[in-house]
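K.L.:
This structure is in structure tokens; I'll ask about it shortly.
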Amino acid sequence: MASGEDKKREARKQFVFERKSVPAVALSLKLSESTVRRWKREAKEKGDDWMVARSVHTIAGEGLNKIVAMVIEDFVILTQATIEELKQDGTIEPKDKAKALVLLSDSMSKAVAAAGRLAPDLSERGIALRVMQDLMSFVASEFPEHAPAIQDIFEPFKAFLMEAYE
Numbered sequence: 092m093a094s095g096e097d098k099k100r101e102a103r104k105q106f107v108f109e110r111k112s113v114p115a116v117a118l119s120l121k122l123s124e125s126t127v128r129r130w131k132r133e134a135k136e137k138g139d140d141w142m143v144a145r146s147v148h149t150i151a152g153e154g155l156n157k158i159v160a161m162v163i164e165d166f167v168i169l170t171q172a173t174i175e176e177l178k179q180d181g182t183i184e185p186k187d188k189a190k191a192l193v194l195l196s197d198s199m200s201k202a203v204a205a206a207g208r209l210a211p212d213l214s215e216r217g218i219a220l221r222v223m224q225d226l227m228s229f230v231a232s233e234f235p236e237h238a239p240a241i242q243d244i245f246e247p248f249k250a251f252l253m254e255a256y257e
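Mapping the sequence shown onto our numbering, position 46 (from 1) lands on 137, and the numbers just tick up by one.
This is the structure in structure tokens:
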């Protein structure tokens, strides 16, 4: 049978690295949720914040782009649900629904802009530039005789894209 310290280490491992919830950790280790929560709290008091460790591991493991994409996806889902609720709620005046939609639209624009700044690869400009770089690599490896011509086109087209996707 595992010692208390072994179970504590296993609980931390499951919470931080396997991203299990406290109830799931407790169930898998045959512990009470309160025990796992106490261990988590005690560790934090000693400077080992399981939530911070979990966040660091997630960002390091999945990368910032994936995290930003997940946040935007969740935001879009919540926005869609809110719009559906607005449509179905007969108690809200049309002008108030319109105001709510304007606020949602503004929030969506800000969220997408922020995501583009945090993870440029997710922005239209970032994707366009990545495709161009991939095209350059492809031409250089598969059709090297055409690389100089593509290079002549690449620079002015890059400037065009930068302006088009500002």
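Don't be surprised by glycine CBs; every beta carbon is placed ideally from N, CA and C. All figures in this text were calculated on a predicted structure; none of them were measured in a lab.
Among R145, G138, A115, L118, which has the Cα closest to the Cα of F108?
P.N.:
Indexing the sequence shown from 1 puts residue 108 at position 17. Checked all of R145, G138, A115, L118; the closest Cα to F108 is R145.
K.L.:
What residues in its chain sit with their C-beta under 8 angstroms from that of I163, if we drop five residues either side in the sequence?
P.N.:
Taking the sequence shown and counting its residues from 1, one reaches residue 163 at position 72. Same-chain partners within the cutoff: A202, V203, A206, L213.
K.L.:
Can you grab the Cα-Cα spacing for the pair H237 / N156, in whole Å?
P.N.:
Your numbering for residue 237 matches position 146 in the sequence shown. Your numbering for residue 156 matches position 65 in the sequence shown. Distance between the alpha carbons of H237 and N156 is about 33 angstroms.
K.L.:
Starting from F234 and walking both ways along the alpha helix (DSSP H), at which residues does that stretch end?
P.N.:
The residue labelled residue 234 in the question sits at position 143 within the sequence shown. Element bounds for F234: n/a, residue is neither H nor E.
K.L.:
In three-state DSSP terms, what is D139?
P.N.:
Reading the sequence shown from its first residue, position 48 is the one you call residue 139. D139 falls in the coil class under three-state DSSP.
K.L.:
Please name the residue, chosen from L226, S198, R110, L120, that lies closest to D97 on a Cα-to-Cα basis.
P.N.:
Here residue 97 corresponds to residue number 6 of the sequence shown, with the count starting at 1. Ranking the options by Cα distance to D97, first place goes to L120.
K.L.:
According to DSSP, is S123 helix, strand or coil?
P.N.:
As a first step, residue 123 is located in the sequence shown; it is residue number 32 there, counting from the start. Reduced to three states, the DSSP call for S123 is coil.
K.L.:
List the whole-angstrom C-beta distance separating A102 from V127, where the pair is believed to meet the contact cut-off of C-beta under 8 angstroms.
P.N.:
Numbered from 1 along the sequence shown, position 11 holds the residue referred to as residue 102. Numbered from 1 along the sequence shown, position 36 holds the residue referred to as residue 127. With 8 angstroms as the limit, A102 and V127 qualify as a contact, their Cβ atoms being about 5 angstroms apart.
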